[in-house]
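Enquirer: Numbering (my numbering), first residue to last: 1233 to 1675.
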Amino acid sequence: PSSAPRACACSPSDAMAKLWGGAGLHPLVEAYTVGEDYRIDSEYMLPYDLKASEAHAHGLVKIGVLTAAEGQTLEKALREIGELWRAGKFKVEPSQEDGHTAIEQYITEKYGEVGKKIHTGRSRNDQSLTMIRLYALDRVREVRRLTTELAEVAAARAKALEDIPMPGYTHMQRAMPATVGRWLDAYVSGWKDVAPMLTAAEQVLNQNPLGSAAGFGINGLKLDRAATAEKMGFAKVQENPMYCGLSRGMFENVALQAMSFAMVLSSRFAVDMMMFTQQESAFLRLPDDFVTGSSIMPQKKNYDLFEIMRANGKVFGSLQVQIQETVVGLGSGYHRDLQCTKKAFVEACELCTSTLRLLKEAVPKLEAREANLRAAMTEDLFVTDELYKKVAAGKPFREAYAQAKAEFFERQAAKEKAAGEPPAKAAGRAERARATSSTRAGA
């Protein structure tokens, strides 16, 4: 056969069209059961399937199932597929169901009998487990790197803005004085805390499931699982083959639980940004290449990225719950339900990484509108400071609290009266303040 790389063109009627040997499957059944699995494999999982297949081929050579020449042929074929995939010329077709089939068909069509040997000692179960595990480890490490880098650039921006005053808020109401730097540094602290959570998740995920086959291992075939673990870069072997199958979906959920801290935090940052960029406050802004406009209102500058980010925090959570709820109630052993966790997992990982990449670009460009911020530092923000001055002078806290509250509202009433408010309304406001001055207030 020709050695020039080409895409696999096996027809659905080929004897190898289904690894499980089926033929003539009803098209509605095929479409329903395959779903988008072939697309997810084609777009995201194929490099990891190739990596696992290369490690497995090395293992088969080591135990004598393949000759050294056959191992070299398989290695060459797998490299070809990787090159074709990177060039956009290797696609998994719906009739092939998944990347495992597409890879085996390509090798068998082009290189003959050796392609029929690569599945020795494997099931599609441990093939899927292994490629998803490798993908998950890459995404966990990527999120850890991105959050670390985001924390670094945000810390630098917080330092630059540390002396600019800013109202602090509770209950969405003005509360006490803060600074832009302190506000941003609160998120820096949170993004830094993501790393140890991801490291803990990595320790759980970093186990090699290859060789567990359908969840029971392979009797009579002494696969060197430690060698394949080392070849793929796993820290250790996931020893119990039944636990390998049991961990599918559950390990993906562990990864998303660790990532969720970054997504929830980023969603909350997005809400703050929407509040502080609206015209009513106009405390912060980003350059125009981060904002959109309106198709009907020419004056609009919309911070759509933060609206989408707020929503994506919820979407991420729903994808995590989707995986968890799919796994809940399943017994041990493989269940086809688990196929439905793959798409949700990939989508959640992509949401998390794209969110962090965007924030890493946006945060360093954050501008504080200092004049607006200083103008917003009004008397009400400092009432708690006045309270503690009285405490420092020896007054009991509760008395100081009541006095500071009454004095503040009396001043407010006097200002409103001077500004033209009817005297009766101003007097009533001051009286209500005195009447409630001894009540406890929330934060």
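Cβ coordinates follow ideal geometry from the N, Cα and C atoms, glycine included.
Exposed or buried, which one is Pro1399 when buried takes at least 16 other CB atoms within 10 Å?
Expert: Classification of Pro1399: buried, given that the 10 Å Cβ count is 16 or more.
Enquirer: Sort out for me which residues DSSP pairs Leu1516 with in a bridge.
Expert: Looking at the DSSP assignment, Leu1516 forms a beta bridge with Ala1600.
Enquirer: Kindly indicate which three-state DSSP category Tyr1401 falls into: helix, strand or coil?
Expert: Strand, per DSSP.
Enquirer: Does Gln1510 come out as helix, strand or coil in the three-state DSSP assignment?
Expert: Here Gln1510 sits in coil by DSSP.
Enquirer: Can you tell me which of the three DSSP states Arg1480 falls into?
Expert: Of the three classes helix, strand and coil, the one that applies to Arg1480 here is coil, per DSSP.
Enquirer: On the DSSP letters alone, give me the boundaries of the alpha helix (DSSP H) that Tyr1338 sits inside.
Expert: 1331-1343 is the span of the alpha helix (DSSP H), which, as asked, contains Tyr1338.
Enquirer: Any idea what DSSP makes of Val1469, helix, strand or coil?
Expert: Strand.
Enquirer: In terms of DSSP beta bridges, what is Pro1409 paired with?
Expert: DSSP lists Pro1399 as partners of Pro1409.
Enquirer: Just verifying my parser: in three-state terms, what is the DSSP assignment at Ser1670?
Expert: Low local confidence applies: a pLDDT of 47 at Ser1670 is under 50, so the model's placement there is unreliable, with the coordinate-based value given in what follows. The answer is coil: DSSP assigns Ser1670 none of H, G, I, E or B.
Enquirer: Assess contact between the stretch 1518-1527 and the stretch 1550-1569, defined as three or more Cβ pairs (one per stretch) separated by less than 8 Å. Is contact present?
Expert: The stretch 1518-1527, when compared against the stretch 1550-1569, does not touch it at the 8 Å Cβ threshold.
Enquirer: List the DSSP bridge partners of Asn1534.
Expert: For Asn1534, which the question treats as bridged, DSSP gives the partners Thr1524.
Enquirer: Give a yes or no on whether the C-beta atoms belonging to Ala1289 and Leu1306 are separated by under 7 Å.
Expert: Going by C-beta atoms, Ala1289 is nearer than 7 Å to Leu1306.
Enquirer: Give me the Cα-Cα distance between Ala1287 and Gly1303, rounded to the nearest whole angstrom.
Expert: For Ala1287 and Gly1303, the distance between alpha carbons rounds to 10 Å.
Enquirer: To the nearest whole angstrom, what separates the beta carbons of Tyr1343 and Ala1309, a pair I think is in contact under 8 Å?
Expert: Indeed they touch by this definition, with Cβ atoms about 6 Å apart.
Enquirer: Based on Cα-Cα distance, which residue from Asp1536, Cys1581, Gly1256, Asn1534 lies nearest to Val1547?
Expert: Among Asp1536, Cys1581, Gly1256, Asn1534, the Cα nearest to that of Val1547 belongs to Cys1581.
Enquirer: Tell me which same chain residues have a C-beta within less than 7 Å of the C-beta of Ala1576, skipping the five on either side of it?
Expert: These residues qualify, in order along the chain: Leu1551, Gln1554, Ile1555.
Enquirer: When the Cα atoms are used, what is the spatial distance from Phe1640 to Thr1379?
Expert: Cα to Cα, Phe1640 sits roughly 43 Å from Thr1379.
Enquirer: Three-state secondary structure (DSSP) at Asn1440?
Expert: Strand.
Enquirer: Do you know how far the Cα of Phe1448 is from the Cα of Arg1500?
Expert: The straight-line gap from Cα to Cα measures roughly 45 Å.
Enquirer: Let me make sure I understand the geometry here. Which of Ser1479, Phe1483, Ala1487, Val1436 has the alpha-carbon closest to that of Ala1467?
Expert: Closest option to Ala1467, Cα to Cα, is Val1436.
Enquirer: If Met1408 sits next to Leu1613, beta carbons under 8 Å apart, how far is it from one beta carbon to the other, in whole angstroms?
Expert: Contact holds; Cβ gap of about 6 Å.
Enquirer: Using the three-state DSSP reduction, which class does Leu1393 fall into: helix, strand or coil?
Expert: Coil, per DSSP.
Enquirer: Sort Met1429, Leu1588, Val1385 by Cα distance to Leu1537 and report the nearest one.
Expert: With distances taken between Cα atoms, Leu1537 lies closest to Leu1588.
Enquirer: If you follow the alpha helix (DSSP H) that Phe1577 is in, where does it begin and where does it stop?
Expert: 1572-1594 is the span of the alpha helix (DSSP H), which, as asked, contains Phe1577.
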